[in-house]
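What follows is a set of notes on a single structure, which appears directly below.
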Amino acid sequence: MKVGWMMRSFICICCLMLLTSCWNSRELNNLGIVTGIGVDKVPNKEEYHVTFQIVNPSSTATSAGASTGQPTVTIYSSTDRTIFGAFRKTSKKAARQMFFAHTQLLVLGESTVKSGIDGIFDIFERSHELRLNTNVIVARDTEASSILKLLLPVESLPAIGIIKKSKNTARIYGESRDINVFELINGISGEGSVVISGARILGDAEEGTKKSGMEQTKVKALVTMSGLSVLKKGVLQGWLDGPLARGALWVQNEINETSINVDSDEVKDSIAVNINHSKTKIKIELRNKVPVIHVNVVEEGTLSEAQSYIELSNREVIVQLEQQVALKTKQEITQALQAAQTMKCDIFNFGNELKRINPKAWETVKDNWESVFAEAEVDVSVEAYIRSVGMRLEPKLLKGK
Amino acid sequence: MMDPFNSTILDDNLKELQERLGHSPDIVIRRIKSITTQVEVAAVYIEGLIEKLRVNEFVEHAMSFDKLSEEHPVVKSAEDIFLYMKEVARGIGEEQTLEDWDVLFEALFSGDTILWVNGIREAIRGNTSGGEVRTVSDATTQVAIRGSKEGFTESIGTNISLVRRKIKSPNLWVESMKIGDVTQTNVSIMYIHGIVNDNTLQELRTKLQSIDIDGILESGYIEQFLEDTPFSPFPTLYNTERPDSVAGNLLEGRVAIFVDGTPFVLIAPTTFFMFLHAVEDYYQRYDITTLIRLLRFICLVISLFGPALFIAILNFHQEMIPTALLINFASQREGVPFPAFIEAMLMEFTFEIIREAGIRMPSPIGQTVSIIGGLVLGQAAVQAGIVSPAMVIVVSLTGISSFATPAFNMALSIRILRFIIMFIAAFMGLYGITIFTFILVAHMCSLKSLGFPYMSPFGPFIAENQKDAILRVPLKYMKTRPRLISQKNNTRLKVNDGKPGSGK
């Protein structure tokens, strides 16, 4: 029997259709979109307690059908030796297959961070679904699951809300660092230590998981960014708070915008300066096996508020203010450097810098770099400029008070 | 094959004529008896194809010997009458004597009046054609904001004259032929001698002459015979009902094919990008034209890939959608019982039904269709939770985009392909779409329109034709005609060293 070319190609096409077996096709209503993953360590056991925050599409803001009145997210947890095991175990509890490609937030519980985080990231690099641009925070004084359980006002998806808080703080205040899995893995595998933003719960954590807790202007529980955790070789060493955190980020050139209060002639801390541009340059050299670290900061800002009278039309007054801004910055940086040296944690990646510019010298100090770093001499220089005083010149109302 | 008149007797001939035409009532026979010679004469014509005044004038002239005055030459016998008529008729129009039934019928059906003289084997024809034809009116399928409003009519003579009025050159040549054994349809090809590509012209002539069919009712018949690849979804001949579009294409070295009885004129050879051009492109400024051409191209891509991409991304590549949008889609699809593919098919199918019904509907009912279709189906389907609002948006956007293609026949091809791509997207995702696009582009590059590559100027790449494909450069810089393989006269304008104003 002779089969024509059309028949032959028709058979081929039919086979193709059967052979593909609709590979990987998944309908959207069969997916549980994971927005946040929390990893806690089970005490006294080599097991992870993994928590997933899953979007409940029928109750998000855009929902077209009748709202079910459920909260916008729901939480599932599983315990297993491996994280992937916990992923799959959750299928017993979750109605839909979990879809990880949109994971926005990874919360590391304080217990996890204390016992080391190295094991967690293998799956992030190995899986095609988990993403390396997932943001990471550390749950401070609490468990990762408690943070993920909280509902937040304004943002309907809590995980996205927390990230926005972290990014916002990092962008306009600078006590928090916006770090994702990729950067974190780089940091852990490099020579130094890493810092990760911390987040803690204010208020009643249990009430915060209820939708009723949201039905008031002052919600019963809130997540707030709090300090930077310092991790050496994946293990928590301590926390940097307030000025220390900001100083550390200054050295890392991670400050975009921040606000500094400086003194006027009479009143302390009464002039607010908004730094809107800052650039940090690091130089490191080895003198007699003692590293000397030069930190050079150039910052620019505008005067945003005056709480006491100051003669702003006078150029010399501005210069004085600039010097004070520089001094304050220098203090914060010095404190942060000292704190890091006390903890023996090179969170600023000075080690990598030395390795890059002087590999031979690095070889000599490589083995006990952390203690060498603790002994390092630090030289901080800051140049500060005030470029504008805003839309008003002198604060007339405050004159003579 | 000759089929001469059998008899010299008028009655016999008229009888045979009526028998051959099945005694059709629209055949009018006027018998006149000459007063002076008592010879019978008959005038035959077909009602509706003639202009009454012209028939009267013709007959009157032919019979003008029949007066009782001495001024006229002496006409005594039938032969004399015939010779006299021949002489007179020559003065009126194209005079010709007939002695063959086939020629007679052809003359009769073109609106001629036939004069028979009793006792003569031959007949005389006189052109008296006229009658009711549609007057030149607006082009309805290819509307332009700026540009001439006139469109072709059903009469081939009018159509050719419309183009002649635009190109007043002795080099505008027309060749005529009759195609269709039964319909004997007039088909003319028009080109500008000296500019036209001779190979194309020769190929066209050969192809037209080889058409052997009983009837040509529309230029679509010719188009289907001229196509090299009848199984390709793409049209390889462009049709237009605008004289200015024909004139523009003739000036580019193309050939126009006129068919009697239709306002649609074919243009060959055709490239793919011609379907994305409108005549108005050349009347508006180049910048806006280029942008609009880009827009049309984007619309073509949307109408081809729109629903398919949506299905593929929703089913296979959820990670490609921004998180907020994904959650938005997910919440819309909550409660929709069908897979995305079925949902899309349902909507597309509904849309096709509305469209098809809308075309055939009498216009007063047409509005009802759009209300039922748009409002009731679209809105109600979403509220009933059968389809998601996003799908309605995608399908309507696709529908509107398909109307942005200026050529209707290209929009039809895209419509067919859209369903195929949707099907592929549903089981192979973006991977399948990519593979299919490769195949599609390869196929398009293999197409030819009368021997000229369809995808030119991109496949093969012709640099000098780029200025009028997707882009449209200012007319000042379009100094040469688009290159059509081998063409003689290529200069379009002679600019005095390219400097404006240097000619004074």
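Protein sequence lines correspond, in order, to chains Z and W.
No gaps in the numbering here: position 96 of the first sequence is 96 in my numbering, and each next residue is one more.
No gaps in the numbering here: position 349 of the second sequence is 349 in my numbering, and each next residue is one more.
Note that CB positions come from ideal geometry on N, CA and C, so glycine has one too.
All values reported here derive from a predicted model rather than from experimental measurement.
Within this structure, are the beta carbons of residue i and residue j separated by less than 9 Å?
i	j	result
Asn409 of chain W	Phe275 of chain W	yes
Ala199 of chain Z	Val73 of chain Z	no
Glu241 of chain W	Thr140 of chain W	yes
Arg472 of chain W	Arg293 of chain W	yes
Pro474 of chain W	Tyr286 of chain W	yes
Ile386 of chain Z	Val297 of chain Z	no
Leu255 of chain Z	Leu222 of chain Z	The sequence shown places Ile at residue 255 of chain Z, not Leu. The answer is no: Cβ separation not under 9 Å.
Gly192 of chain Z	Asn349 of chain Z	yes
Ile27 of chain W	Ile46 of chain W	yes
Ala144 of chain Z	Thr103 of chain Z	no
Val325 of chain Z	Ala376 of chain Z	no
Asn135 of chain Z	Leu106 of chain Z	yes
Ile453 of chain Z	Ile357 of chain Z	Residue 453 of chain Z lies beyond the residue range present for chain Z, which begins at 1 and ends at 401; the question has no answer from this structure.
Given that residue i touches chain W, what residues does it touch there, using C-beta distances under 9 Å?
i	result
Arg26 of chain Z	Asn315, Phe316, Gln318
Asn168 of chain Z	Ordered by position in chain W, no residue passes the 9 Å Cβ test against Asn168 of chain Z, which lies about 17 Å from the chain.
Asn288 of chain Z	Result: empty, since nearest Cβ-Cβ is about 53 Å, beyond 9 Å.
Counting C-beta neighbours from all protein chains within 10 Å, is the total for residue i 16 or more, i.e. buried, or is it exposed?
i	result
Asp204 of chain Z	exposed
Gly111 of chain W	buried
Gly48 of chain W	exposed
Cys14 of chain Z	exposed
His277 of chain W	buried
Pro505 of chain W	Lying outside 1 to 504, the shown extent of chain W, residue 505 of chain W is not represented and no answer is given.
Trp405 of chain Z	The requested residue 405 of chain Z does not occur in the structure, where chain Z is confined to residues 1 to 401.
Asn56 of chain Z	buried
Gly22 of chain W	exposed
Glu132 of chain W	exposed
Val495 of chain W	A caution first: Val495 of chain W carries a pLDDT of 47, below 50, which makes its placement in the model too unreliable to give a value.
Pro322 of chain W	exposed
Gln53 of chain Z	buried
Thr135 of chain W	exposed
Ser371 of chain Z	exposed
Gln318 of chain W	buried
Gln332 of chain W	buried
Ser226 of chain Z	buried
Val376 of chain W	exposed
Pro500 of chain W	Caution is warranted here: a pLDDT of 45 is assigned to Pro500 of chain W, below 50, making its placement in the model unreliable, and no coordinate value can be reported.
His128 of chain Z	exposed
Ile37 of chain Z	buried
Asp506 of chain W	The structure shown does not extend to residue 506 of chain W, since chain W spans only 1 to 504, so no value can be given for it.
In chain W, which residues lie less than 7 Å from residue i when you measure between Cβ atoms?
i	result
Phe99 of chain Z	Gln318
Pro57 of chain Z	Ile327, Ala330, Ser331, Glu334
Asn274 of chain Z	Correct list: empty, because the minimum Cβ distance to chain W is about 30 Å.
Thr60 of chain Z	Ile327, Ser331
List, in chain order, every chain Z residue whose beta-carbon is nearer than 9 Å to that of residue i.
i	result
Ile195 of chain W	What Ile195 of chain W touches in chain Z: nothing, since even the nearest Cβ is about 42 Å away.
Thr290 of chain W	Correct list: empty, because the minimum Cβ distance to chain Z is about 38 Å.
Quick one: list the residues of chain Z neighbouring residue i, beta-carbon separation under 7 Å, in chain order.
i	result
Leu326 of chain W	Ile33, His102
Could you please give me the residues that DSSP links to residue i through a beta bridge?
i	result
Ile277 of chain Z	The identity of residue 277 of chain Z in the sequence shown is His, whereas the question assumes Ile. Beta-bridge pairing links His277 of chain Z to Z:Glu300.
Ala199 of chain Z	Z:Ala139, Z:Met225
Phe258 of chain W	W:Ser188
Val196 of chain W	Its beta-bridge partners do not exist; DSSP assigns none.
Glu383 of chain Z	Z:Val298
His443 of chain Z	Summary: the structure shown does not reach residue 443 of chain Z, with chain Z confined to residues 1 through 401, and so no result is reported for it.
Val107 of chain Z	Z:Gly38, Z:Ile137
Pro453 of chain W	W:Lys448
Arg125 of chain W	W:Gln96, W:Ile114
Val174 of chain W	W:Met190
Pro322 of chain W	Beta-bridge pairing links Pro322 of chain W to no other residue.
Ala272 of chain Z	Z:Asn261, Z:Glu305
Going along chain Z in order, which residues have a C-beta closer than 8 Å to the C-beta of residue i?
i	result
Thr229 of chain W	Chain Z residues near Thr229 of chain W: none, gap ~15 Å exceeds 8 Å.
Thr437 of chain W	None at all; the shortest Cβ gap to chain Z is about 16 Å.
Could you work out which residues of chain W lie near residue i, taking near to mean beta carbons separated by less than 8 Å?
i	result
Asn403 of chain Z	Nothing about residue 403 of chain Z can be read from this structure; chain Z reaches only from 1 to 401.
Output needed in chain order: residues of the region 329-345 of chain W with a Cβ under 8 Å from some Cβ in chain Z.
Phe329, Ala330, Ser331, Gln332, Arg333, Glu334, Gly335, Val336, Pro339, Ala340
Which of the residues in the region 418-435 of chain W, read from start to end, lie with their CB under 7 Å from any CB of chain Z?
Phe427, Met428
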